[in-house]
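One structure is given here, and the rest of the page talks about it.
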Amino acid sequence: MSTAVVITRPSSQTNSFSSSTSTRCSLPSSSLESIKTATKPLEFRELDHRIEEALRERDEQWRRHEKAQIQFLQTESANMLQSLHAEINRLSNVLREEKRRSANTDEAAEKIELLEKLIGEKEEYTKGLERKVTSTIQKLQEQITIQSERIRQLNEELNDRNQTVTHLSQQLRAIKLREAMATSTHRRRASQQNSPPVTSPSSPHRIFPPISSGLVSASVAVTYPGGGRLSVQKRSNSAMRAPTMPN
Numbered sequence: 132m133s134t135a136v137v138i139t140r141p142s143s144q145t146n147s148f149s150s151s152t153s154t155r156c157s158l159p160s161s162s163l164e165s166i167k168t169a170t171k172p173l174e175f176r177e178l179d180h181r182i183e184e185a186l187r188e189r190d191e192q193w194r195r196h197e198k199a200q201i202q203f204l205q206t207e208s209a210n211m212l213q214s215l216h217a218e219i220n221r222l223s224n225v226l227r228e229e230k231r232r233s234a235n236t237d238e239a240a241e242k243i244e245l246l247e248k249l250i251g252e253k254e255e256y257t258k259g260l261e262r263k264v265t266s267t268i269q270k271l272q273e274q275i276t277i278q279s280e281r282i283r284q285l286n287e288e289l290n291d292r293n294q295t296v297t298h299l300s301q302q303l304r305a306i307k308l309r310e311a312m313a314t315s316t317h318r319r320r321a322s323q324q325n326s327p328p329v330t331s332p333s334s335p336h337r338i339f340p341p342i343s344s345g346l347v348s349a350s351v352a353v354t355y356p357g358g359g360r361l362s363v364q365k366r367s368n369s370a371m372r373a374p375t376m377p378n
């Protein structure tokens with residue numbers, strides 16, 4: 132990288148002032164001698180004082196000019212050095228990045244190889260898990276099939292037993308009903324045979340209500356296991372006469 136350094140010069144006014152001052156200071160010696168002989172000592176001192184002031188002013192201007200030049204050179208040098216440092220830093224960063232890339236290339240190859248190895252191990256582990264899960268699922272499905280068949284058989288047996296129990300319950304209720312009806316009929320006949328006819332001599336009314344059409348009805352209530360209750364009413368065609376009191 133190249134950096135141009137530009138050096139500025141003092142202004143034209145300063146140059147003209149310096150040239151005029153130097154011109155005044157470089158007067159010929161013959162003129163000075165004529166002035167000294169023509170003027171009084173006071174005027175000589177005043178002229179010397181003016182010359183000294185002009186010389187001091189010239190020297191001061193030159194010092195300022197030199198300081199300005201030095202400051203300008205320092206500023207330009209600082210800027211140039213700053214630019215050079217920035218360029219050096221940039222090149223250092225580029226070099227560091229290139230080194231990192233070259234190092235990362237080798238590291239990346241190693242990482243890729245390691246990752247491929249890990250991926251292979253994970254795939255093998257996953258395949259093993261899949262095989263175990265598949266085997267477990269098959270076993271569970273077989274057990275479910277066996278249990279379903281067993282449940283179906285038990286349901287069929289339970290239905291058969293329920294039907295058998297229902298049939299036996301019906302037979303038991305029929306048997307109890309027949310026994311109850313027979314017992315009721317037997318008791319009724321026994322009570323009819325053992326009880327004498329009773330009539331009132333003063334009242335022609337009968338104790339028992341008149342039986343129309345000669346039918347006798349019997350009502351039987353049977354309670355069977357399970358809390359059920361069955362009522363049966365039976366009519367008999369046997370003619371019964373109302374009992375009468377003996378005369």
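In our numbering, the protein residues as written are 132 to 378. Beta carbons are placed, not taken as given, at the ideal position from N, Cα and C, and that holds for glycine. Since we're looking at a predicted model, the values are computed, not measured.
- [ ] State the Cα-Cα distance for the pair D291 and S322, rounded to the nearest angstrom.
- [x] Rounded to the nearest whole angstrom, the CA to CA distance from D291 to S322 is 46 Å.
Open item on the list: Please report the straight-line C-alpha distance between L173 and E184, rounded to a whole angstrom.
Closed with: The straight-line gap from Cα to Cα measures roughly 16 Å.
TODO: To the nearest angstrom, report how far apart R262 and L271 are at their CA atoms.
DONE: Cα to Cα, R262 sits roughly 14 Å from L271.
Task: Through-space distance from L212 to Q202, alpha-carbon basis - done: Distance between the alpha carbons of Q202 and L212 is about 15 Å.
Open item on the list: For K381 and L285, what's the separation of their Cα atoms in angstroms?
Closed with: This structure does not reach residue 381, given that the chain is present from 132 up to 378, and the question cannot be answered.
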